[in-house]
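There are 2 protein chains.
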Amino acid sequence: MDDATERPPFTLHDIEQAAERIAPFAVRTPLLDNPALNERVGRRVLIKPELFQRMGSFKFRGAYNALASLPQVVRWRGVVAFSSGNHAQGVAAAARLFGVPAVIVMPADAPAAKIEATRALGAEIRPYDRWSEDREAIGRALSEERGATLIPPFDDLAVMAGQGTVGLEMAADAAALGVPLGDVLVPCSGGGLAAGTATAIKAKSPNTRVHAVEPEGFDDTARSLEAGHLCSNDPSARSICDALMVAQPGALTFAVNRHVLSDGLVVSDVDVMDAIAFAARTLKLVVEPGGAVGLAALLSGRLPVGDGAVGLVLSGGNIDPQILQAAFAR
Amino acid sequence: MDDATERPPFTLHDIEQAAERIAPFAVRTPLLDNPALNERVGRRVLIKPELFQRMGSFKFRGAYNALASLPQVVRWRGVVAFSSGNHAQGVAAAARLFGVPAVIVMPADAPAAKIEATRALGAEIRPYDRWSEDREAIGRALSEERGATLIPPFDDLAVMAGQGTVGLEMAADAAALGVPLGDVLVPCSGGGLAAGTATAIKAKSPNTRVHAVEPEGFDDTARSLEAGHLCSNDPSARSICDALMVAQPGALTFAVNRHVLSDGLVVSDVDVMDAIAFAARTLKLVVEPGGAVGLAALLSGRLPVGDGAVGLVLSGGNIDPQILQAAFAR
Numbered sequence: 002m003d004d005a006t007e008r009p010p011f012t013l014h015d016i017e018q019a020a021e022r023i024a025p026f027a028v029r030t031p032l033l034d035n036p037a038l039n040e041r042v043g044r045r046v047l048i049k050p051e052l053f054q055r056m057g058s059f060k061f062r063g064a065y066n067a068l069a070s071l072p073q074v075v076r077w078r079g080v081v082a083f084s085s086g087n088h089a090q091g092v093a094a095a096a097r098l099f100g101v102p103a104v105i106v107m108p109a110d111a112p113a114a115k116i117e118a119t120r121a122l123g124a125e126i127r128p129y130d131r132w133s134e135d136r137e138a139i140g141r142a143l144s145e146e147r148g149a150t151l152i153p154p155f156d157d158l159a160v161m162a163g164q165g166t167v168g169l170e171m172a173a174d175a176a177a178l179g180v181p182l183g184d185v186l187v188p189c190s191g192g193g194l195a196a197g198t199a200t201a202i203k204a205k206s207p208n209t210r211v212h213a214v215e216p217e218g219f220d221d222t223a224r225s226l227e228a229g230h231l232c233s234n235d236p237s238a239r240s241i242c243d244a245l246m247v248a249q250p251g252a253l254t255f256a257v258n259r260h261v262l263s264d265g266l267v268v269s270d271v272d273v274m275d276a277i278a279f280a281a282r283t284l285k286l287v288v289e290p291g292g293a294v295g296l297a298a299l300l301s302g303r304l305p306v307g308d309g310a311v312g313l314v315l316s317g318g319n320i321d322p323q324i325l326q327a328a329f330a331r
Numbered sequence: 002m003d004d005a006t007e008r009p010p011f012t013l014h015d016i017e018q019a020a021e022r023i024a025p026f027a028v029r030t031p032l033l034d035n036p037a038l039n040e041r042v043g044r045r046v047l048i049k050p051e052l053f054q055r056m057g058s059f060k061f062r063g064a065y066n067a068l069a070s071l072p073q074v075v076r077w078r079g080v081v082a083f084s085s086g087n088h089a090q091g092v093a094a095a096a097r098l099f100g101v102p103a104v105i106v107m108p109a110d111a112p113a114a115k116i117e118a119t120r121a122l123g124a125e126i127r128p129y130d131r132w133s134e135d136r137e138a139i140g141r142a143l144s145e146e147r148g149a150t151l152i153p154p155f156d157d158l159a160v161m162a163g164q165g166t167v168g169l170e171m172a173a174d175a176a177a178l179g180v181p182l183g184d185v186l187v188p189c190s191g192g193g194l195a196a197g198t199a200t201a202i203k204a205k206s207p208n209t210r211v212h213a214v215e216p217e218g219f220d221d222t223a224r225s226l227e228a229g230h231l232c233s234n235d236p237s238a239r240s241i242c243d244a245l246m247v248a249q250p251g252a253l254t255f256a257v258n259r260h261v262l263s264d265g266l267v268v269s270d271v272d273v274m275d276a277i278a279f280a281a282r283t284l285k286l287v288v289e290p291g292g293a294v295g296l297a298a299l300l301s302g303r304l305p306v307g308d309g310a311v312g313l314v315l316s317g318g319n320i321d322p323q324i325l326q327a328a329f330a331r
């Protein structure tokens, strides 16, 4: 790995501060144990169900921390976000709690449930075409027009710190149970959840291996970690994991992730559908495709053999009913 | 209320002993908070998700405690149970942990998932016709033939004590949060979960009102509480709540419940389907019809206005995929 990228000033302390800021409004999700999953995997699995988070995914944590970190006079002018859905809902929910306006730039083909949920929070929606328009340019233009602050979906230290509270809570709850974490599986798109969670886990439990998990066609972080520099995805790639479709890792997130992640694991759409079905039938949890990639890696045997418990982040549950029904019918 | 029935010798101590016995194998389910549910109801709701229990429902608690309470020489001869499904799985799972044989008398029309799960645990299945055969007589005959012990689904002090650990954990976790429980909603069939849970809750928090919740046509406990004596259901009644279809309350359970329950609430099949859909979409939980009656009572406004938080027992998640899909399609 070359050292061209400087490691950003991002530490456990940032995540601990975020934990204090989000505590009044974020759901403190538990760690769940499932005997049937433990038997199937042959190791104890501690499930972090972020589908129970406010708005149904971990994204509220980073969004709320980013808004809370702004000076009040800046926050009052409002916020703008571009997002495939869950970050949109996180920013809209945080903006509503602060009583400030939010404009959300969303792909026109995002799940209807996510678009409606975002609108219901009082946010203004600006739809765009995922394959022909540049969402970042639209977001920047809106930000300049209105004097509103852009809240990036991942490549931002306050957002990363907020997402890192997932790892901080997991480390604390596993320690309280007296269970050493051998491996942690984190869904990965731009890498904010992975960077925050891995930073917290490695600070609290340095020998734990943290693995990013990505869908086939969007394994940019896995390849970037191997190559030691940023790699992009083929623009023609498609996946059922609508929440995990980015062009390449963030510059900040990757500069952190290269130091704290062990590697990246890659799962197929079929693995993901099987994981969604297993979650509904056996775990009794409704998990969205992007939220289920860690479970998919575990059930399909992609996690290398190891010891200690497995920390499994199920990052969200905002699934379109049709996809859940298709998975359940398998 | 007349005093013809003597109150059975059943106290918090029995439930605390059960908690110690089941601790090595039962899942210690958490209390969950959901901001969207709190907003919808206008009160804080603390969800006790027993769908995360071993085998997907609270029934393992009572079954394991009943087996653990038998003398070893008796337990070795095996156990027999008659059950609409979840009790069957609980007894089969407990018998497997103890390494003793189990015969389960199950309705031939029970959900296929429940029959298969029970068989997969190594239990022998004896199917019967729910409307023409007497499951208790079949169970007793099998018990006499084989010298095996009958584990009743509800009308048994050890079973009631095991189910009561649901209430014991709820009271402890609510107290740890510093949240006073105004009301507790418990699904009710024969009344074992209600009797155990209400006994624990009232011992720890005497001013909390505990409500049994039943489906229309099977409101025997609600009517029995009002009448002050055991009332039966119309044998022609039907419900989607396959886990809550009994003829009348148990003698032991009712003798406890008349002292510890405030009243019984009654919900329709439509209320239950709406609750299953809400649970999947918003709570991200897969709840079976009988497990969702408390949520149905809450969402349909059947809980009288009160103060303090609401403790909500979601008692199981073993739903047939077709029913979940029908609910989700609403």
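First to last, the protein sequences are chains A and B.
Numbered as in my numbering, the first sequence ends at 331 without a single skipped number.
Numbered as in my numbering, the second sequence ends at 331 without a single skipped number.
Each residue gets a CB set at the ideal place from its N, CA and C atoms; glycine is no exception.
- The DSSP-derived three-state label of residue 285 (chain B) is coil.
- Fewer than three beta-carbon pairs drawn from the region 68-76 of chain A and the region 132-143 of chain A are found closer than 8 Å, and the two stretches are therefore not classed as touching.
- One alpha carbon belongs to residue 294 (chain B), the other to residue 216 (chain B), and they sit about 7 Å apart.
- With a cut-off of 8 Å on Cβ pairs, the region 301-311 of chain A is in contact with the region 264-282 of chain A, counting three or more such pairs.
- Residue 59 (chain B) is outside the set of residues whose beta carbon lies under 8 Å from a beta carbon in chain A.
- Annotated three-state conformation of residue 51 (chain B) is helix, per DSSP.
- Chain B places a beta carbon closer than 8 Å to that of residue 31 (chain A), counting this residue as a contact.
- The beta-bridge partner set that DSSP reports for residue 150 (chain B) consists of B:80.
- Think of a sphere of 7 Å around the beta carbon of residue 52 (chain A): the chain B residues whose beta carbon falls inside it are 285, in chain order.
- In chain order, 201, 202, 205, 206 place their CB closer than 7 Å to the CB of residue 172 (chain A), counting only its own chain and leaving out the 5 sequence neighbours on each side.
- Here residue 150 (chain B) has 71, 75, 76, 78, 79, 80, 81, 144 as same chain residues with Cβ atoms under 8 Å from its own Cβ, once five neighbours each way along the sequence are excluded.
- In the three-state scheme derived from DSSP, where H, G and I count as helix and E and B as strand, residue 299 (chain A) is classed as helix.
- If you check the CB distance, residue 223 (chain A) and residue 312 (chain A) do not come in under 8 Å.
- By the Cβ rule, the region 50-58 of chain B counts as touching the region 86-104 of chain B, because three or more pairs are nearer than 8 Å.
- For the region 299-331 of chain B, the residues whose beta carbon sits under 8 Å from a beta carbon of chain A are, in order, 318, 322, 325, 326, 329, 330.
- Taking a 10 Å sphere around the C-beta of residue 8 (chain A), we find fewer than 16 other C-beta atoms and assign the residue as exposed.
- Bridge partners of residue 34 (chain B) according to DSSP: B:47.
- The CB of residue 45 (chain B) never comes closer than 8 Å to any CB in chain A; the least such distance is about 12 Å.
- Interface with chain B (8 Å Cβ-Cβ cutoff): residue 36 (chain A) is included.
- Judged by their CB atoms, residue 231 (chain B) and residue 52 (chain B) are not nearer to each other than the 8 Å cut-off.
- Neighbours of residue 281 (chain B) in chain A, taken as residues at a C-beta separation under 7 Å, are given in chain order as 287.
- Residues of chain A with a Cβ closer than 7 Å to the Cβ of residue 167 (chain B) do not exist; the shortest Cβ-Cβ separation is about 16 Å.
- For residue 212 (chain A), the enclosing beta strand (DSSP E) begins and ends at 210-216.
- For residue 127 (chain B), the beta-bridge partners assigned by DSSP are B:106.
- For residue 182 (chain B), the enclosing beta strand (DSSP E) covers residues 182-188.
- Counting every other CB atom within 10 Å of its CB across the protein chains shown gives residue 110 (chain A) a total below 16, marking it as exposed.
- Annotated three-state conformation of residue 225 (chain B) is helix, per DSSP.
- Within the model, the alpha-carbon separation for residue 48 (chain B) versus residue 253 (chain A) is close to 38 Å.
- At a cut-off of 8 Å between beta carbons, residue 55 (chain A) contacts chain B.
- Bounds of any alpha helix (DSSP H) do not take in residue 312 (chain A); it lies within the beta strand (DSSP E) bounded by 310-315.
- Within 9 Å of the CB of residue 28 (chain A), the CB atoms of chain B belong to 33, 34, 35, 36, in sequence order along the chain.
- Closest in C-alpha terms to residue 270 (chain A), from the list A:307, A:248, A:282, A:238, comes A:238.
- Residue 268 (chain B): member of the beta strand (DSSP E) spanning 264-268, first to last residue.
- Residue pairing for residue 58 (chain A): DSSP places it in a beta bridge opposite A:317.
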